[in-house]
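As structure tokens, the structure follows; a few thoughts come after it.
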Amino acid sequence: MDQKTNVKALEKEGLKRGLKTRHLRMIAIGGAIGTGLFYGSAGAITAAGPSSILAYIIVGIAIYFICRAIGEVTVEEPVSGGPVSLADRYLHPFWAFLIGWTTLLGGAAGSAATYNALGRYVQFWFPNVPIWVSAACVVALIFIVNIVAVKLYGEMEYWIAGIKATAIILLIILGLLPILFGIGNHGDPVGFGNLVNHGGFFPNGISGFILAFVMVAFAYGGTDNVAVAAGEAENPEKTISSAITGVFWRIAIFYVGAVVVLIALNPWNKIGQEGSPFVQVFDMIGIPAAAHILNFVVITAVISAMNSSVYTYSRKIYRMCVTGNGPNFMTKVSKNGIPWLIIILVLGVQLFGVVVNYIMPATAFVYFASIVTGTLILVWVLILLSQLKFRKIKISNNEVKDLKYKMPFWPYSSYFSLLILAIVVIAMAFDEKTRIPLIVMPIWTLVLFICYKVFIAKKKVNASVIEDHSA
């Protein structure tokens, strides 16, 4: 079976191609811009001070190469599942099994803080509404959107993600007014003195700078969502490459630009201690009802992030079930090509996060954000290893010249990204709150390995697909 035939076989999975380039861009932006920016940025700034800006740039470059790695493969083989499909075809079915079911762990951990935060922001307007009611309403909304048609999901994500993207752009533009022209500061330009005036650019030394990598990596999570949507993109060759390139630059500008503005306007050691720094920017300009505007933006950010996560997690798990790494009955799709049983499963896992957050509300965000970071690193490492194997196959077949979306600076770009991910793992070990993934992930991997050997390895899983790449 040649590679083109293999891809065609994988594409016959019941999903519909209803996503355009603009949908793909907003899916990635929606998944990446959420609590990681609005809350995780405060943690990164607290750890590293102004040098957190450099951390966002360095980690951002590594994430760009990861996106290009998965983009190189998915442009050639546009099937749904993203990292799961790559690992299954180019590494080993177990790694696909591990990635797929690890998304459930990441989904539970990510939703633990996110839905609780949503409920608290709804209480800003409606104090008597219980958190679980807000969470349940959003879960119902996301279920309806994801169950009807992929195009409806794409449209909703396009507009909701657009709201928070617009808010961040306004934050950057309005923040530059007092920085450059003194507007809102009695005509006295604030300048960029705060970048060095409070202990220098590295106030907590290199150690603090490295520790910030953990929260920065968490913030960039979701940027690979473009590739997960490959199987449902119209004209994948054009839309995927365009979306990956466009999304990276938008996210990089949003994160780096927003953090530069926040630190320039506020001493880094005050950020997160005197109310939201985003509200402070709007207040400084004199915008009325700044807190209400931000509250609306944050709620839409949460809905967008969770909406995006339901889509991407469900497609990864669907790819698992199609390739025999999960229950076959879960592969059922609606007449609109929606894997509705898996969507219900993912939403159920996310609701579990609400319960966990109720039990340990004070420390839930940091603990679960670090677990999410651990799952992200695992997935990103396997993406890079899959692409390395993919490229070596192309080299051996003398087909590199035919690649339509080559990863730049290969293989050094892959090695650079692996190095940055290794630094993130090392940084996790130095903080008690972020150390938990180093304990959880090995145990989780061992449990899944046993499950794989007992329930999956003896089956003949998708033999026609595996045979092509194991020869």
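Numbering (full-length UniProt numbering), first residue to last: 1 to 471. Ideal Cβ positions, reconstructed from N, Cα and C, are used throughout, including at glycine.
Span of the alpha helix (DSSP H) around residue i
i    : result
H292 : 290-322
S51  : Where S51 is concerned, there is no enclosing alpha helix (DSSP H), given that its DSSP letter is neither H nor E.
S207 : 205-219
F143 : 131-148
F445 : Note that residue 445 corresponds to Thr in the displayed sequence, not to Phe. T445 -> alpha helix (DSSP H) spans 436-451.
Y412 : 412-428
L86  : 83-90
Residue i classed as buried or exposed, judged by whether at least 16 other C-beta atoms fall within 10 angstroms
i           : result
P78         : buried
I168        : buried
L419        : exposed
L446        : exposed
T239        : buried
K164        : buried
I142        : buried
T166        : exposed
V75         : buried
K401        : exposed
K4          : Residue placement at K4 cannot be trusted, given a pLDDT of 45 that sits under 50; what the coordinates show is reported in the next sentence. Exposed, by the Cβ-count rule.
A248        : Inspection of the sequence shows that residue 248 is occupied by Phe rather than by Ala. When all chains shown are included, F248 counts as buried.
F455        : exposed
D188        : exposed
G286        : exposed
A217        : buried
N328        : exposed
W125        : exposed
R391        : buried
K453        : exposed
residue 472 : Because the chain is modelled from 1 through 471, residue 472 falls outside the range shown and cannot be assessed.
M1          : Any reading at M1 needs caution, since the residue's pLDDT is 40, under 50, leaving its predicted position unreliable; the model's value is listed next. Its Cβ having fewer than 16 others within 10 Å, M1 is exposed.
L91         : buried
G53         : The sequence shown places Ile at residue 53, rather than the Gly named in the question. Buried, since its Cβ has 16 or more Cβ neighbours within 10 Å.
I131        : buried
G288        : Residue identity differs from the one stated: residue 288 is Pro in this sequence, not Gly. Counting Cβ neighbours within 10 Å, P288 comes out exposed, since fewer than 16 surround it.
K460        : For K460, the predicted model reports a pLDDT of 47, less than 50, meaning its position is unreliable; a value from the coordinates is still stated below. Classification for K460: exposed.
K332        : exposed
F181        : exposed
G82         : buried
I144        : exposed
I443        : exposed
I299        : buried
Contact under 8 Å by Cβ, residue i with residue j
i    : j    : result
S304 : I160 : yes
A47  : L262 : no
I45  : I251 : no
V424 : F254 : no
A69  : Q387 : yes
N397 : V148 : no
R435 : A429 : yes
W101 : L448 : yes
N178 : V190 : Looking at the sequence provided, one finds Pro at residue 178 rather than Asn. It is a contact, given that the beta carbons lie within the stated cut-off.
V259 : S413 : no
V139 : K316 : no
G175 : T375 : no
P267 : H198 : yes
Y51  : F201 : Reading off the sequence shown, one finds Ser at residue 51, where the question assumed Tyr. In this structure, F201 lies closer than 8 Å to S51 by Cβ.
G71  : I244 : yes
L421 : A62  : yes
A135 : L118 : yes
Y405 : S241 : yes
L384 : I66  : yes
M306 : G43  : no
L403 : K394 : yes
Y64  : N295 : no
S314 : P339 : yes
V310 : N185 : no
I371 : V440 : yes
V59  : Y158 : no
Residue-level contact to chain B via CB, residue i, 8 Å cutoff
i    : result
L176 : Considering every chain present, this structure includes no chain B. It has just one protein chain.
- Report yes or no: do the stretch 313-328 and the stretch 93-106 share at least 3 C-beta pairs separated by less than 8 Å? yes
- Item | Stretch-stretch touch, CB-based, cutoff 8 Å, three pairs: the stretch 346-353 with the stretch 378-387 | no
- Validate contact between the stretch 190-206 and the stretch 402-419 using beta carbons, cut 8 Å, 3 pairs: no
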